[in-house]
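For the sequence shown, my numbering assigns the number 258 to the initial residue and increments by one for each residue that follows.
Quick reminder that beta carbons are idealized off the backbone N, C-alpha and C, glycines included.
It should be emphasised that the depicted structure is a prediction, and the values quoted were computed from it without experimental measurement.
Below is one structure, written out as structure tokens; comments come after it.
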Amino acid sequence: MTDPTPDPVLLARHIAQQIGQLTDHLAVAPPRQAAQILGHVLAPDGVLDGITGLVAAGSRFAKDRAISGALPPEVWLALGRASNDLDAICGDLAEHTEDIHRLTQTPATAPARPVASALVARRHR
């Protein structure tokens, strides 16, 4: 019987290509669809959470290799920092997932006129 597990290096390349395609779709998507895409990317167990877990696993791999002397400890520390930073970013973005989800809903009434945020209102030329 053949092993159904795909080659992990090819899998990584394929996932990277798919993320690139998703980025391209997000760049041109209408607002509701863009919100749906972002909702899936930022959801618990979504794309960003999966990448965070992947980097954490990479950090554990690098730790073992650093302990054996095969990698400099800085590699392990950098991956660990990246994992921690991504985890913190996931936490920060989790506070806003409901706002993004709200954009995916069909409005029951006519939408209110958008109000400029402070960021837009304070723009200088």
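Exposure label - Ser-340; buried when at least 16 CB within 10 Å: buried
Contacts around Gln-275, its chain only, beta-carbon distance under 8 Å, and the 5 residues preceding and following it disregarded: Cβ within range, chain order: n/a, list empty.
Exposed unless 16 or more other CB atoms sit within 10 angstroms - verdict on Leu-295: buried
Residue closest to Val-332, alpha-carbon to alpha-carbon, out of Asp-342, Ser-325 and Lys-320: Lys-320
Validate contact between the stretch 314 to 328 and the stretch 279 to 292 using beta carbons, cut 8 Å, 3 pairs: Segments in contact, no.
Between the CA atoms of Ala-323 and His-353 - distance to the nearest angstrom: 37 Å
Cut-off 7 Å between Cβ atoms - residues of its own chain near Cys-347, not counting five sequence neighbours on either side: Same-chain partners within the cutoff: Leu-305, Asp-306 and Thr-309.
Beta-carbon separation (whole angstroms), Pro-299 vs Ile-357, contact threshold 8 Å: According to the sequence provided, residue 299 is Leu. The question's Pro does not apply to it. Between Ile-357 and Leu-299 the Cβ distance is about 7 Å, and since that is below 8 Å, they are a contact.
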